[in-house]
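> If you want the working numbering, it's the 1-based position in the sequence shown plus 29.
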Amino acid sequence: MKNKFWMKAKCFVEQYNRYVIDAVEEKNVDGQRTLHENIADSAGLKKAFMSYQRYVKEHGKEPKLPGMEFTNQQLFFISYAQ
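#1: Is the distance from the Cβ of Val10 to the Cβ of Leu64 below 8 Å?
#2: Based on the DSSP secondary-structure assignment, which residues constitute the bridge partners of Asp51?
#3: With DSSP as the reference, label Phe99 as helix, strand or coil.
#4: Contact defined as beta carbons within less than 8 Å: I believe Asn46 pairs with Asn57. What is the distance between those atoms, to the nearest angstrom?
#5: Is the beta carbon of Phe105 less than 8 Å from the beta carbon of Phe78?
Here you go:
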C-alpha cells in the first residue's frame with residue numbers, strides 16, 4: 030500500500046515539476062515542495078466531482094446554459110480551474 034502511494038506521489042511530483050511559473054527565468058514549480066498541497070487539491074476535486082455526480086443522479090440533469098458549447102461536467106472543471 031505504501032509503495033502504491035509513493036508511486037502515485039512520484040507522478041504528482043513529475044507532473045508539477047513540468048509546470049512553468051516563469052518562462053523568462055525558466056522557473057518551474059517544485060513538485061516535491063508542493064506535493065502535499067497538490068495531493069490535497071486533487072483529492073478535494075475528486076470528492077467535489079463525486080458529490081456533483083451524486084447530486085445530478087438524485088435531482089436530474091441540470092439544463093444546459095444557453096449559448097454555452099460546454100457540457101455541465103466540462104463547466105464543473107472549468108470553474109475549478111479558475
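C-beta: ideal position from N, C-alpha, C; glycine also.
According to the structure shown:
#1: Residue 10 is absent from the model: the chain starts at 30 and stops at 111.
#2: Asp51 is bridged to Lys56.
#3: Residue state, collapsed to three classes: coil.
#4: With a Cβ gap of about 6 Å, Asn46 and Asn57 count as contacting.
#5: Taking 8 Å as the cut-off, the Cβ atoms of Phe105 and Phe78 count as close.
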